[in-house]
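Trainee: I have a structure I would like to understand better, so I am pasting it below and will then ask my questions one at a time.
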Amino acid sequence: MSNLFILNETFTNGLSYNLLYLISVSSVLSGINFIGLSYLLVYVGAVSILFLFILMLINVRISELVTDNNNSVPLAAIIGIVFNLTLFNLLPNNFVAKGYLYDLDGVLAETSHITSIGNIIYTAYPL
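Each residue of the sequence shown is one higher than the last, beginning at 1 in the UniProt record's numbering.
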């Protein structure tokens with residue numbers, strides 16, 4: 001699955017889109033939906049604004065930013081396949097079978113992440 005995201009990062013033109021895809025996919029795959037969304041809103045927005053400020057500061061022309069990167073697609077596919085093979089060989093054999101990936105939060109597994117965080121905020125920490 002991450003091979004598709006590596007290819008997506010190869011074909012997209014903007015760095016901010018690449019960061020958005022990378023952070024959102026890693027947060028959704030780890031099962032932290034609400035924290036991942038808030039991370040996207042805060043940090044990716046700040047990084048993209050900083051990146052745009054730096055581009056305006058050093059006065060880079062748009063023609064210099066647009067490059068042809070189709071020749072790096074096979075290299076990205078090979079690196080993605082090798083990375084996936086080494087990662088899945090390092091994980092224990094029954095890591096997914098025992099359900100560790102699907103039940104990361106244990107206590108809050110009955111409700112969604114947003115509902116459980118809302119319950120905690122409005123019951124334990126009222127204003």
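Using N, Cα and C, we set each Cβ at its ideal position, and we do this for glycine too.
1) Have a look at Pro-74 and Leu-22 and give me their C-alpha separation to the nearest angstrom.
2) By the DSSP assignment, the alpha helix (DSSP H) with Leu-90 in it spans what residues?
3) One question on the structure: do Ser-48 and Leu-37 come within less than 9 Å of each other, judged by their Cβ atoms?
4) Using CA coordinates, which residue listed in Ile-81, Ser-24, Phe-34 is at the minimum distance from Ser-116?
5) Using only alpha-carbon positions, find the residue among Ile-120, Asn-119, Ser-112 that is nearest to residue 140.
Mentor: This is what the structure gives:
1) Rounded to the nearest whole angstrom, the CA to CA distance from Pro-74 to Leu-22 is 20 Å.
2) Annotation: the continuous alpha helix (DSSP H) that includes Leu-90 extends over 73-90.
3) In this structure, Ser-48 keeps its C-beta atom at 9 Å or more from the C-beta atom of Leu-37.
4) Closest option to Ser-116, Cα to Cα, is Phe-34.
5) What the structure shows of the chain is the stretch from 1 to 127, and residue 140 is not part of that stretch, so it cannot be assessed.
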